[in-house]
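Colleague: My questions all concern the structure below.
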Amino acid sequence: QVFTFNRVEIRVEPYVKVKNGAPMSIICHADISKNSDFQLKHNFTFFKDSKLAFMTISDKEVARYEIPVAKSSDTGDYECRVNAGVKSGSSKTIYVWVSGMTTPILTADKKEVLEGEIVKLRCELPEEVPPLEFFFQKIKTNSEPVEKRVPEQNQNFSELEYYVEAGDNILQFDCFGKRRVRSGWESSQHSNRTLVTVKETFTKPTLITRPSNNITEGDQIEFECSTVVAQMRGIEIIFQKNRTILNSVRDKTFLKYSTIATQEDSGEYLCKVEQGAVSKITKLNVFVSELFPKPTLSASMTKLDESKDLILNCSINGLRRANFSILRKSSSGDILLKKSRVLVIKVNVNDTGSYTCKAEVKGIVKESKPVRISVYAPVSKPTLSVVSGSPEVVLGKPLQLICHSVMGTPPITFTFYKGDEIKKNVTNDTYATFLDEDIGLNDNGGYKCDARNNHSSGVKTSNILNVTVIVPIRDASLGSVPYGEVEVGSDAAFLCSVKEGSWPIVFKFFKKTDHEVLLHEVREYSDRTIWHKKTMKRKDTGTYYCMASNRASVDVRSHPINISVILAAWQKGVIAAFVLTAMAGAGAVALWWYLRKKKKAKGPSMEMSGSALAPNLTSEKLTRPPSDGNYYSGSGYIEDNENHMKSTDESKGPDLESAEVDYTEVEVSALDPHRAPEQKGTETVYSEIRKTNN
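For what it's worth, full-length UniProt numbering labels the leading residue of the sequence shown as 1, then goes sequentially.
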């Protein structure tokens, strides 16, 4: 028995889109080829969304999965699998959409509630499978429904609590549901409407005034607020204007508030009744007519010199009979100056301030706008100085000046001048500063400042301030005479000069060692200085430099020069004479020893003496190697070409330039008379001889 699966097919009757509640059949068909006519057992398995939905066994090659009443939960992907013997086959997936949802059912836990209470609603979608979304609607008469959404992931119903607000008389509620399908969202029909009756806990308050209209400043005005309550417990009445609470009562049904009316009492008043979470409000606008306008305070002058007369006058437009008073404003409270319409005072600087006046008619007091009075003392002659203290400035650096007046009522206006040119205007209390960043080489004076305020005395001018411009040191140079080499015992002159710099200049001479050694320091009103160093010694050989500085406080260092202190010509002659004398003495001793040895050796053996003579003769040789080199001492000079300092010792210069140094090696054989003549020692003596015409 041989068979094979050709294919497995799945289809839906009547259509893949089925209405909710209609019958539906899922049909699976196995197309199998056999080599003969024999019976096979077919195991059919139906899957919905990859989960087992239905199973059946049949001898036929077709099986049906019947759903008599289709629900929205039957929407999904279907497939079937057929097993026969050890072989099996599967169909493709087919999507089935059951359109429409069941109608939801809405219930309420109360049919009648009080304002401020809570009603609990329950909306259910029978036979629907979560996840679902529920929408509750609160419907009031003559208003749009208020909707709330509640998602449910694990159940097909939802519950919601509604707060019953003040003014809710008759409420209706309904609900509907939604579910997500492949093409988007699908909605159910709306549920049945549920009616809830609301009872008032108290009535909306009533707010009245006495008198009700034509209220004028000075009238007694009375407000009354009342309500009707179902139960007294927890009732509260609050009376307020704008955000200010004027009065309140608890556990009472009425409230009263009275006051003397002023124009400021015009505006909106509010009576609020609260009980628990329920609040009801009534508003009332009140207009108070003006009895008389605010007074006006006028001054003879608002800015005046000290010791002048000030006249203050208080008046009311169209009204002459009133109680007037003139006051001065203060942080600690108003100061009464006079109960009168007019005030005349001789002022001083302490009278500067704000003044007002008040007028009283029928118990109503009104105050004028404040008037600012400024009393001025004259400014004193200002002083102009440099902030750093010294009337100097380094070229290229900024100069900061300060102008100060000891006396004078602020604000004071200061004006800075450089020469006759105005540089800056500053208004301040007692002083002002000016920064001049454009300092030139010729800016050596001409600064002054003016000071003035509102006093009639006018402008005061400071003395002229002369400022010295300090030019920093530039390009220090060092030279010496003689230059390079100096004989022991002779003098040397060192010249330190600068290209530019304000006097006086401090010159310092240093010699480099393991640490800097200050040799000489001098303060000069010149751009150069000469330091004479007496009696140079061999230890004075080394590297020298100089440093220059002035009041610009910048040290400028020269290039270094090297000085060698050498032996004088007569000292070298003495050394040469001593060396030649020593060589002559050594030669005489050697000749004497040789003649004596030769005399002793003639008798016994001529051969032995002959053989010993050759080495002795070779040890007496005198060698003179060629000169190691010539050394030249240049004439003294100074590297700074601007100084043009040259050596004036003309007699010495040519001799030094032609001087030569020869080194001579002298080999001396010193023989020990007590040992064999073959032993010899060699000493080498070098002598420096300078050839000179002197």
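Don't be surprised by glycine CBs; every beta carbon is placed ideally from N, CA and C.
Please go through the same chain and pick out, in chain order, the residues whose beta-carbon is closer than 7 Å to the beta-carbon of S158, but skip the five residues on each side of it.
Modeller: C123, F134, V150, E152
Colleague: Is it a yes or a no for the region 112-120 touching the region 89-101, going by three-plus beta-carbon pairs under 8 Å?
Modeller: no
Colleague: For I335, report the span of its beta strand (DSSP E) as first-last.
Modeller: For I335, the enclosing beta strand (DSSP E) covers residues 335-338.
Colleague: With burial defined as no fewer than 16 other Cβ atoms inside 10 Å of the residue's Cβ, what is the status of residue 695: buried or exposed?
Modeller: Absent from the model: residue 695. The displayed extent of the chain is 1 to 694, so no value can be given.
Colleague: If distances are taken between C-alpha atoms only, which option among S502, P504, L478 comes closest to L495?
Modeller: L478
Colleague: Nearest-angstrom Cα distance between M645 and S526?
Modeller: Bear in mind that a pLDDT of 38 at M645, under 50, signals an unreliable position, so the model cannot answer this.
Colleague: Between V517 and the rest of its own chain, which residues show a CB-CB distance below 7 Å, the 5 nearest in sequence each way excluded?
Modeller: F510, K511
Colleague: Does L591 pass the burial test, meaning 16 or more other C-beta atoms within 10 Å, or should it be called exposed?
Modeller: exposed
Colleague: What are the boundary residues of the beta strand (DSSP E) that includes R64?
Modeller: 62-67
Colleague: Does the distance from the C-beta atom of Q275 to that of I235 stay below 9 Å?
Modeller: yes
Colleague: Is it buried or exposed for V8, if we count other Cβ within 10 angstroms and need 16 for buried?
Modeller: buried
Colleague: Quick one: what's F157 bridged to in DSSP?
Modeller: E124
Colleague: Going by DSSP in three states, M583 sits in which element: helix, strand or coil?
Modeller: Helix, per DSSP.
Colleague: Return the Cβ separation of I412 and N453 in integer angstroms, given the expectation that the two are a contact with Cβ distance under 8 Å.
Modeller: 5 Å
Colleague: Three or more beta-carbon pairs under 8 Å between the region 250-267 and the region 335-346, yes or no?
Modeller: Segments in contact, no.
Colleague: According to DSSP, what are the bridge partners of F176?
Modeller: F135
Colleague: Exposed or buried, which one is R341 when buried takes at least 16 other CB atoms within 10 Å?
Modeller: buried
Colleague: Please state the DSSP three-state secondary structure of G148.
Modeller: Here residue 148 is Lys; the residue named in the question, Gly, does not match the sequence. Strand at K148.
Colleague: Suppose you measure from the CA of K256 to the CA of V375; what does that come to, to the nearest Å?
Modeller: A straight-line Cα-Cα distance of about 52 Å links K256 and V375.
Colleague: Take every Cβ of the region 56-66, pair it with every Cβ of the region 29-46, and state whether three or more of those distances are shorter than 8 Å.
Modeller: Taking 8 Å as the limit for Cβ pairs, the verdict is that the region 29-46 does touch the region 56-66.
Colleague: Checking the sheet assignment: what are the DSSP bridge partners for T296?
Modeller: DSSP lists S315 as partners of T296.
Colleague: Under 8 Å Cβ to Cβ from V488, same chain only, skipping five residues before and after it: list those, please.
Modeller: M536, K537, R538, V565, I566, L567, A568, Q571
Colleague: Use the C-beta contact count for R528: other C-beta atoms within 10 angstroms, 16 or more gives buried, fewer gives exposed.
Modeller: buried
Colleague: Of the residues P104, F287, T141, A493, which one's Cα is nearest the Cα of N156?
Modeller: P104
Colleague: Per the DSSP calculation, G408 is bridged to which residue(s)?
Modeller: DSSP, once it has assigned bridges, lists no residue as partnering G408.
Colleague: Does the separation of the CB atoms of K329 and T296 fall below 9 Å?
Modeller: no
Colleague: Would you kindly work out how many angstroms separate the C-alpha atoms of S50 and L195, rounded to a whole number?
Modeller: 45 Å
Colleague: Taking 8 Å as the limit between beta carbons, can you name the residues of its chain near S354, skipping five residues before and five after?
Modeller: R328, K329, P370, V371, R372, I373
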